[in-house]
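Data block below; observations after.
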Amino acid sequence: MDITQDFIDERFKAYVLETYCGNRERIQAGDVEHIISLQLSNHGYSSLKGIEHFTSLEELDCSSNSLTELDLSKNSNLKTLNCGFNRIRNLDVSHNAMLTKLVCYWNILSELRLEQNVDLTELDCSYNSLFALELHQNPRLTYLHCANNYLMSLHLEECPDLIEIRCNHNHLTKLDVTGNPSLQSLRCFNNHITELDLTRNVLLTELYCSENKISKLDTHRNPKLERLNHSNNLIMEPDHTVKGVGTFEYDVSLSFYGARLQWKETELSVSTEASAEADMNRLSPVIRNAWANFGELNDRALDLIAGMHPDEDVNELVLSELAFDKDGTFRLGYDAGDTPAGQLYIYVLFNDKLEMNGDLVYETY
């Protein structure tokens with residue numbers, strides 16, 4: 098059966114003729130009905146009409162085109178769809194019950210219905226105009242990216258296998274992840290969330306929840322948590338005094354403790370990666386020991402820099418920073434002045450036993 102007339106986009110028609118029809122002038126149904134994969138990304142297409150004849154299609158990537166509509170009602174075998182970076186206003190996947198992966202970010206979708214897609218495991222619908230997203234019929238979902246929409250609520254209790262959630266930049270006031278025990282990564286920053294219960298997310302390794310209205314955050318039951326940013330919330334930690342050193346204050350904008358300490362004639366910025374008073378309790382012995390031996394540490398650091406830069410006068414360096422990492426390692430930072438690349442800082446690294454690393458780190462700002 099001749100189906101040439103169904104391909105109204107001349108570029109798409111030319112692609113099909115060249116790829117599947119041996120450069121004939123006409124397209125027959127038999128030329129395309131057995132094709133299982135189409136890679137059409139960034140081809141400049143404005144229409145994929147004719148796609149309905151690819152009845153065996155399992156994988157379609159039509160991202161980065163100029164599509165305003167996409168009719169996949171005849172592609173019932175479709176398992177993977179990427180139609181991101183287009184101008185699609187409506188996307189009907191109710192006839193694609195075998196779909197396991199759907200990527201439709203950067204479109205103009207105001208609605209996305211997924212009731213028929215019970216096998217869906219990956220969904221990325223970020224950067225659209227969605228006000229609601231119902232996931233009650235998607236229990237196998239493991240990766241959910243729905244950032245940069247207008248979502249007012251997000252119910253995830255029917256998705257127990259979720260590993261990664263990115264719902265940042267929405268209008269959420271609540272987020273319940275207690276029914277997601279497999280969760281490893283959560284990015285929910287830039288919302289209006291007032292509380293976040295993480296007691297059942299013992300596998301969590303990454304949490305970005307800054308720019309919300311959270312007043313308390315308990316991470317004691319998240320032993321694998323490695324990356325945390327909860328800055329610009331309503332969380333406050335009490336001042337912490339390190340005996341023999343000084344008082345460290347909690348910086349809400351950074352979510353870390355820090356202090357300004359006087360050493361000789363210099364007011365020294367002392368920063369930490371301690372985001373809670375419990376972290377400061379663990380760091381305090383290292384801070385106390387380092388401060389008690391600070392003169393010696395400074396001399397050793399300058400000797401190392403002088404040895405690596407024998408032509409430079411280390412007396413011109415300005416001690417500017419003492420920074421402690423959460424694991425107890427720390428570094429001394431020296432302002433080396435202006436360079437063509439910007440302001441140069443030289444860092445000398447120490448471990449929690451006050452042993453020098455032996456390497457220098459250079460950073461420009």
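Quick note on the working numbering: the sequence shown kicks off at 98 and runs consecutively. Glycine is no exception: its CB is placed at the ideal position from the N, C-alpha and C atoms. Computed from a prediction, not measured in an experiment: that's the story for all the values here.
- Between Leu220 and Leu248, the C-beta spacing is not below 8 Å.
- Leu253 is a Cβ neighbour of Leu232, given a cutoff of 8 Å.
- As a beta-bridge residue in DSSP terms, Asp221 pairs with Val200, His242.
- Following the DSSP letters along the chain, one finds Ile443 inside the beta strand (DSSP E) bounded by residues 439–447.
- Shown here, Thr165 sits in coil according to DSSP, grouped into three states, outside any helix or strand.
- Residue range 391–405 is occupied by the alpha helix (DSSP H) that includes Leu401, with no beta strand (DSSP E) assigned at that position.
- For Asn319, the three-state secondary structure derived from DSSP is coil.
- Here Val299 carries a coil assignment [DSSP, helix/strand/coil].
- Per the Cβ contact rule, the stretch 280–295 is not in contact with the stretch 333–341 (fewer than 3 Cβ pairs under 8 Å).
- By the Cβ rule, the stretch 368–376 does not count as touching the stretch 389–403, because fewer than three pairs are nearer than 8 Å.
- For Val129, the uninterrupted alpha helix (DSSP H) run begins and ends at 126–129, by DSSP.
- In this structure, the straight-line span from the alpha carbon of Ser191 to that of Leu145 is close to 18 Å.
- Taking 8 Å as the cut-off, the Cβ atoms of Ser134 and Glu155 count as close.
- Counting C-beta atoms within 10 angstroms of its own C-beta, Asp435 has fewer than 16 neighbours from the protein chains shown and is therefore classed as exposed.
- Comparing alpha carbon positions, the residue from Pro236, Tyr462, Gly341, Asp273 closest to Ile384 is Gly341.
- When the five nearest sequence neighbours on each side are left out, the beta carbons in the same chain lying within less than 8 Å of the beta carbon of Leu300 are those of Pro278, Ser279, Leu280, Gln281, Lys321, in order along the chain.
- Classified as exposed, Arg357 has fewer than 16 neighbouring CB atoms from the shown chains inside 10 Å of its CB.
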